[in-house]
Amino acid sequence: AAHHGEEEPRTIIAVLVQAADAISAARPGARRETLESYIKRLEALEAIAKSFEGVEKCYALQAGREIRVMVQPEKLGEAECAKLARDVSKRIESELQYPGQIKVTIVRETRAVEYAK
811 AAHHGEEEPR
821 TIIAVLVQAA
831 DAISAARPGA
841 RRETLESYIK
851 RLEALEAIAK
861 SFEGVEKCYA
871 LQAGREIRVM
881 VQPEKLGEAE
891 CAKLARDVSK
901 RIESELQYPG
911 QIKVTIVRET
921 RAVEYAK
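So the number in the working numbering is just where the residue sits in the sequence shown, counting from 1, plus 810.
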């Protein structure tokens, strides 16, 4: 069928079904993936990000299509954050197998609070 890529879609409906099929594939369990293997995949994704220096927390989001990495602002500057995003992406590419792409977002948050009296 066209929505599985076995043949080219010939109608607008076939194109829409192909897009809907791709979107639905992102849902956990949509492709008969067991809960255990799903959790292991997310944990592996988070473990890669946590292995880098200066990483405080990380969360796999969107069924593993995105990883958000919180870093310690006193240990990593802006330039190091950009490098970290590249390094995490490269490590994910070399160590994991996944369909599509995974978005890597580095969050470096600093706050300054002062009270007027």
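Glycine included, every Cβ here is placed at the ideal spot set by N, Cα and C.
Using C-beta distances below 7 Å, list every residue in its chain close to T821, excluding the 5 sequence neighbours before and after it, in chain order. Result list for T821: empty, nothing under 7 Å.
Would you kindly report the start and end of the unbroken beta strand (DSSP E) that includes K913? 913–917
Measuring only the C-alpha atoms, how far is K860 from V827? 38 Å
Per DSSP, what are the beta-bridge partners of C868 in this structure? Looking at the DSSP output, C868 shares a beta bridge with V879.
From what residue to what residue does the alpha helix (DSSP H) around V827 run? 822–834
Would you kindly work out how many angstroms separate the C-alpha atoms of E919 and K885, rounded to a whole number? 12 Å
Please classify E888: does DSSP put it in a helix, a strand, or coil? Judged by DSSP in its simplified three-state form, E888 adopts helix.
CB of Y908 within 8 Å of CB of G864, strictly: no
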